[in-house]
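Under the UniProt record's numbering, the sequence shown is numbered contiguously, ending at residue 222.
Below: one structure, written as structure tokens.
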Amino acid sequence: MDKIAVTLSPRTVTGKKTRFLRRAGVTPCHVFGHNLASETLQAATADLEKVVAMAGTTRLVALQTEGQKKARMAFIREVQRTPVGGGLFHVDFYQVNMNEPITAEIPLRLVGEAPALKTKGRILVHPMAHVEVESLPGDLPASITVDISVLNELHDAIHVRDLKVEPEVTVLSEPDQLIAKVSEITVKAEEVIIAAPVAEAAAPAEGAAPAEGAVPSAPETK
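As structure tokens, this is what we get:
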């Protein structure tokens with residue numbers, strides 16, 4: 001897997017003045033971590049866009065900071081974008097100790113074709129998109145593959161306990177949680193209520209008093 005790296009530089013511009021940085025193609029950043037004070041930094045927006053697209057939140061990024069010989073390893077913790085246009089507004093990095101285990105939410109990637117879905121009237125139920133795992137930062141997978149080709153019959157299912165991960169990775173999510181299942185499509189019939197037609201009230205005989213609750217007609221003018 002290719003190494004992902006980005007060069008950061010110290011930032012002295014803060015607050016509302018950072019809009020001038022963004023106009024110049026520079027995005028504000030912060031780097032923080034366990035027992036580490038937050039650092040105010042910046043990077044070229046074009047470089048950061050590539051890093052965000054490649055790393056997501058589950059791949060390590062080597063932070064090459066001016067004035068430091070050794071790169072620091074970090075994950076992207078948060079990406080903020082502008083409401084109009086979706087341009088980069090701010091990026092937070094979380095620096096890690098490569099010798100200490102961490103927990104993370106890892107996306108599930110479904111692959112293959114389920115034979116049970118070839119029958120009409122069936123659907124794949126997929127309630128989970130991520131699982132929580134623990135490992136050393138360098139062993140953390142970018143995603144976990146789920147092969148749905150094992151779903152041969154109706155109601156066949158894959159649970160967290162069925163996931164295949166490397167020995168260095170521990171899955172923390174509950175083993176019985178459902179990941180994928182083949183079910184039947186159910187169509188609920190809507191209840192149709194047909195109102196009975198209202199019978200037209202008979203006109204009272206000439207000279208008779210109108211029925212109780214009836215609205216008397218206006219007198220005919222001549």
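All C-beta atoms in this analysis are idealised placements derived from N, C-alpha and C, irrespective of residue type, glycine included.
Note that the structure is a prediction, hence the values are computed from the model and not measured.
Q) According to the Cβ coordinates, are residue 81 and residue 92 closer than 8 Å? A) Within the sequence shown, the letter at position 81 stands for residue 81. Within the sequence shown, the letter at position 92 stands for residue 92. For residue 81 and residue 92, no; Cβs fall outside 8 Å.
Q. Does the separation of the CB atoms of residue 40 and residue 14 fall below 8 Å?
A. Walking along the sequence shown from the start, residue 40 turns up at place 40. Walking along the sequence shown from the start, residue 14 turns up at place 14. Yes; because the gap between Cβ atoms is below 8 Å, this pair is in contact.
Q. If you compare alpha carbons, which of 165, 34, 24, 158 is closest to residue 94?
A. To locate residue 94, count along the sequence shown from 1; it is residue 94. Comparing Cα-Cα distances from residue 94 to each of 165, 34, 24, 158, the minimum goes to 34.
Q.
Within the continuous beta strand (DSSP E) that includes residue 166, where are the two ends?
A. Locating residue 166 in the sequence shown gives position 166, counting from the first residue. Taken as a continuous stretch (DSSP letters only), residue 166 belongs to no beta strand (DSSP E), as it is neither H nor E.
Q: With distances taken Cα to Cα, identify the nearest neighbour of residue 8 among 159, 30, 112.
A: Numbered from its first residue, the sequence shown carries residue 8 at position 8. Checked all of 159, 30, 112; the closest Cα to residue 8 is 30.
Q | 6 Å CB neighbourhood of residue 107 in its chain, flanking five on each side removed | A | On the sequence shown, position 107 is the one that residue 107 refers to. Within the same chain, Cβ atoms closer than 6 Å to the Cβ of residue 107 are found at 130, 143, the five residues on either side in sequence being excluded.
Q. Secondary structure at residue 54, three-state DSSP: helix, strand or coil?
A. Reading the sequence shown from its first residue, position 54 is the one you call residue 54. Note: residue 54 maps to helix in three-state DSSP.
**Q.** For residue 18, three-class secondary structure by DSSP
**A.** Against the sequence shown, residue 18 aligns to sequence position 18. DSSP places residue 18 in helix when its eight states are reduced to three.
**Q.** Minimum C-alpha distance to residue 157 - residue among 75, 179, 173
**A.** Within the sequence shown, residue 157 is the residue found at index 157, counting from 1. In terms of Cα proximity to residue 157, the closest of 75, 179, 173 is 179.
Q: Could you check if residue 99 is buried or exposed, using at least 16 other CB atoms within 10 Å of its CB as the buried criterion?
A: Numbered from its first residue, the sequence shown carries residue 99 at position 99. For residue 99, the number of other beta carbons within 10 angstroms of its own is below 16, and it is reported as exposed.
Q.
Does the region 110-123 come into contact with the region 44-60, if we say contact requires no fewer than three beta-carbon pairs (one atom in each stretch) closer than 8 Å?
A. The answer is no - the region 44-60 does not touch the region 110-123, with fewer than three Cβ pairs under 8 Å.
Q.
Please identify the residue among 23, 153, 159, 42 whose C-alpha is closest to the C-alpha of residue 128.
A. Here residue 128 is taken as the residue at index 128 of the sequence shown, counted from 1. For the options 23, 153, 159, 42, the alpha carbon positioned closest to that of residue 128 is the one of 159.
Q) Is residue 120 near the ligand HEM, in the sense that its beta carbon is under 7 Å from a heavy atom of that ligand? A) As for the ligand HEM, it is missing from this structure, which has no ligand bound.
Q.
Using only the alpha-carbon positions, how far apart do residue 148 and residue 90 sit?
A. Within the sequence shown, numbered from 1, the residue matching residue 148 stands at position 148. Within the sequence shown, numbered from 1, the residue matching residue 90 stands at position 90. Using only the alpha carbons, I get a separation of about 38 Å.
(Q) Taking 8 Å as the limit between beta carbons, can you name the residues of its chain near residue 47, skipping five residues before and five after? (A) Position 47 of the sequence shown, counting from 1, holds the residue named residue 47. Shown here for residue 47: same chain residues with a beta carbon closer than 8 Å to its own, the five before and five after excluded, namely 6, 7 in chain order.
Q. Residues bridged to residue 173 by DSSP?
A. For this step, residue 173 is matched to residue 173 along the sequence shown. As computed with DSSP, residue 173 is found in no beta bridge at all.
(Q) Can you find the residues in the same chain that come closer than 8 Å, C-beta to C-beta, to residue 132, ignoring five residues on each side of it along the sequence? (A) Along the sequence shown, read from residue 1 onward, the residue named residue 132 stands at position 132. So the qualifying residues of the chain are 103, 104, 105, 106, 171, 172, 173.
Q: Just tell me which of 83, 88, 79, 97 has its CA closest to the CA of residue 62.
A: Counting from 1 along the sequence shown, the entry for residue 62 is found at position 62. Ranked by how close their Cα comes to the Cα of residue 62, the residues 83, 88, 79, 97 have 97 in first place.
Q. What's the C-alpha gap between residue 112 and residue 74?
A. In the sequence shown, residue 112 corresponds to position 112, counting from 1. In the sequence shown, residue 74 corresponds to position 74, counting from 1. If I take the Cα positions, the gap works out to 33 Å.
(Q) Just to confirm, is the Cβ distance from residue 146 to residue 183 under 8 Å? (A) Within the sequence shown, the letter at position 146 stands for residue 146. Within the sequence shown, the letter at position 183 stands for residue 183. No. Outside cutoff.
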